[in-house]
Structures are given as structure tokens and as C-alpha cells.
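K.L.:
Residue numbers (this note's numbering): 3 to 251. Yeah, the Cβ is synthetic: ideal placement off N, Cα and C, and Gly gets one too. First, the structure itself, so that you have it in front of you.
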């Protein structure tokens with residue numbers, strides 16, 4: 003009898019493993035730490051495997067258009083998601099935007115350069131400014147939008163050092179290769195090698211928005227929908243808040 007129950011237990015475990023899904027998620031680089039924590043907890047709860055791939059939203063959107071296998075896209079701006087939706091590559095009914103962020107100017111932790119506002123970026127003491135590529139990457143596009151609105155872009159454009167994504171911009175500041183950088187507040191908070199020189203005023207902050215959606219070509223469609231529902235849960239919301247994101251209801 004003991005053997006029978008033990009054997010049945012094994013069958014039950016095998017069934018769970020057989021039904022487990024692999025969910026490939028393409029997400030903006032700024033979501034790295036929060037999504038890793040959320041995914042690890044979700045895997046323990048469900049048995050599903052979450053494969054996370056991070057990068058610039060523009061690069062990831064291009065990968066999706068070229069047929070990269072994925073179930074979920076979590077972008078750092080609406081424009082990339084809009085482009086995929088127009089091409090019929092996302093399940094429109096699953097699309098939701100629940101996160102926001104803000105921009106800050108960072109310098110190395112031991113920097114003696116004084117930056118009290120974005121206007122100080124025009125100072126001769128600031129020779130190089132790291133930004134995620136302002137032509138294609140959301141963090142850089144947001145930064146340029148703010149600088150143009152503040153009528154500062156023409157004063158600092160020649161100093162811009164474009165990077166592949168926002169984490170690379172942060173790394174450029176950490177290494178001392180640039181005097182300053184403009185990144186998301188959530189990224190700045192994770193580094194002990196930089197300090198926030200100043201924050202972009204709320205009135206000047208661009209409308210930063212993080213949409214997420216299930217992709218049309220998802221091989222694990224139902225599993226992807228369940229994971230997206232979890233990302234919209236209170237549990238996930240607490241993790242996003244812990245990492246500094248602004249969470250909408």
C-alpha cells in the first residue's frame with residue numbers, strides 16, 4: 003500500500019512537470035531586477051519556466067518582427083508596442099500599461115561636478131553625457147524629449163554619448179567614462195557607484211509608460227496569459243514598487 007501511494011505521488015509530479023510551460027519574455031533593460039524576482043517566485047508557485055531576455059525595447063521589437071520566438075513583450079514605451087500592434091503581432095485584448103518611471107541625472111559617487119538642474123549639463127565641466135540612444139531607445143527618447151522641452155538639447159547634443167540601452171548608460175557613468183548620465187530613477191537606485199545629482203521635475207517628466215502584452219505567435223498562449231495576469235497582480239505590484247516603479251491600479 004505504501005508503495006502504491008508513493009508511486010501515485012511520482013505520477014502526480016511527472017504530470018505537473020509535463021504540463022509545465024516555458025514562457026519566453028522579452029523585456030526592457032530597466033525591468034531586469036524586478037522581473038527576475040517576480041519570475042523566480044512565479045516559477046516556484048506554478049512550475050512554469052520563465053525565460054527572460056532583456057534589452058532596448060526598440061531592439062526587442064525588431065526581434066519580434068523578425069520572428070524571434072517569444073510569448074510576452076514588456077516595453078518601456080508605448081510606441082514600440084503600437085508598432086507591433088499595427089502589424090498584428092500582439093494579442094490586443096491582453097495589452098496593459100501599469101508601470102511608470104521618472105528620469106534623473108547621475109554622476110559618479112565621488113564626483114565633484116555640481117549639477118543642480120539639467121541646465122548645468124551645458125557647463126564646460128561636463129564634457130560627456132551618457133544617454134541610451136536618443137534616436138531609438140525609449141530612455142534616450144524620453145531624455146531628449148525633456149531636454150528639447152527645456153530648450154537645452156542644442157546646448158548638450160554634441161556631448162551626448164549614446165548607448166545600447168539605459169543600463170549601458172548607467173555603466174558608462176559608473177566607469178567614469180562620462181561626467182554625467184540621464185537614466186531612469188529605478189536604475190540609479192540600484193547602483194552604489196553613482197549618486198543622483200538631480201531629478202527631472204515632475205512637471206517636466208515625459209509620459210513614461212511600460213506596456214505589456216501577449217504576442218500573437220506565442221507557442222504557450224494560455225500560459226503566457228496567466229503570467230501576464232500575474233504581472234498585473236498585487237503581489238507583482240509590490241515587487242515593482244520595491245524597485246522604485248510607479249504602479250498604476
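Does DSSP put residue 51 in a helix, in a strand, or in coil?
P.N.:
Numbered from its first residue, the chain shown carries residue 51 at position 49. Strand.
K.L.:
Excluding sequence positions up to five away, which residues of its chain have a Cβ less than 8 angstroms from the Cβ of residue 157?
P.N.:
Residue numbering aside, residue 157 sits at position 155 when the chain shown is read from its first letter. If we look at residue 157 and ignore the five residues flanking it on each side, its Cβ neighbours are 123, 124.
K.L.:
In three-state DSSP terms, what is residue 36?
P.N.:
In the chain shown, counting from the first residue as 1, residue 36 sits at position 34. Residue 36 falls in the helix class under three-state DSSP.
K.L.:
Should residue 112 go down as buried or exposed, given a rule of 16 or more other Cβ atoms within 10 Å for buried?
P.N.:
Residue numbering aside, residue 112 sits at position 110 when the chain shown is read from its first letter. Burial call: exposed.
K.L.:
By Cβ distance below 8 angstroms, which residues in the same chain neighbour residue 13 in space, the five residues on each side in sequence not counted?
P.N.:
The residue labelled residue 13 in the question sits at position 11 within the chain shown. Note that residue 13 scores a pLDDT of 39, beneath 50, so its modelled location is shaky; the value from the coordinates is reported in the next line. No residues qualify anywhere along the chain.
K.L.:
Just mark residue 181 as buried or exposed, buried being the case when its beta carbon has 16 or more other beta carbons within 10 Å.
P.N.:
In the chain shown, counting from the first residue as 1, residue 181 sits at position 179. Buried, by the Cβ-count rule.
K.L.:
Below 6 angstroms CB to CB, which residues in the same chain sit around residue 9 once its five sequence neighbours on both sides are set aside?
P.N.:
On the chain shown, position 7 is the one that residue 9 refers to. For residue 9, the predicted structure reports a pLDDT of 37, less than 50, and the residue's modelled location is therefore unreliable. The matter cannot be settled from this model.
K.L.:
On the three-state DSSP scale, how would you describe residue 149?
P.N.:
In the chain shown, counting from the first residue as 1, residue 149 sits at position 147. In the structure shown, residue 149 sits in a helix (DSSP, three-state: H, G or I).
K.L.:
Going by C-alpha to C-alpha distance, which of 209, 65, 73, 248 sits closest to residue 79?
P.N.:
The residue labelled residue 79 in the question sits at position 77 within the chain shown. It is 209.
K.L.:
Does residue 160 pass the burial test, meaning 16 or more other C-beta atoms within 10 Å, or should it be called exposed?
P.N.:
Taking the chain shown and counting its residues from 1, one reaches residue 160 at position 158. Flag for residue 160 reads exposed.
K.L.:
Alpha carbon to alpha carbon, what distance is there between residue 29 and residue 70?
P.N.:
Walking along the chain shown from the start, residue 70 turns up at place 68. Walking along the chain shown from the start, residue 29 turns up at place 27. Approximately 13 angstroms between the Cα atoms of the pair.
K.L.:
So residue 250 is in the alpha helix (DSSP H); what residue range does that whole segment cover?
P.N.:
Taking the first residue of the chain shown as position 1, residue 250 is located at position 248. Run containing residue 250: none; DSSP gives neither H nor E here.
K.L.:
Return the Cβ separation of residue 207 and residue 148 in integer angstroms, given the expectation that the two are a contact with Cβ distance under 8 angstroms.
P.N.:
Stepping through the chain shown from its first residue, residue 207 is reached at position 205. Stepping through the chain shown from its first residue, residue 148 is reached at position 146. Their Cβ separation, rounded to whole angstroms, is 7 angstroms, which keeps residue 207 and residue 148 in contact under 8 angstroms.
K.L.:
Secondary structure at residue 140, three-state DSSP: helix, strand or coil?
P.N.:
For this step, residue 140 is matched to residue 138 along the chain shown. It is helical.
K.L.:
To the nearest angstrom, how far is it from the Cα of residue 49 to the Cα of residue 22?
P.N.:
Here residue 49 is taken as the residue at index 47 of the chain shown, counted from 1. Here residue 22 is taken as the residue at index 20 of the chain shown, counted from 1. In a straight line, the C-alpha of residue 49 is about 6 angstroms away from that of residue 22.
K.L.:
Among the residues of its own chain, which have a CB less than 8 angstroms from the CB of residue 3, if the five just before and after it don't count?
P.N.:
Within the chain shown, residue 3 is the residue found at index 1, counting from 1. Since pLDDT at residue 3 reaches only 43, below the 50 mark, its modelled position is unreliable, and no value is offered.
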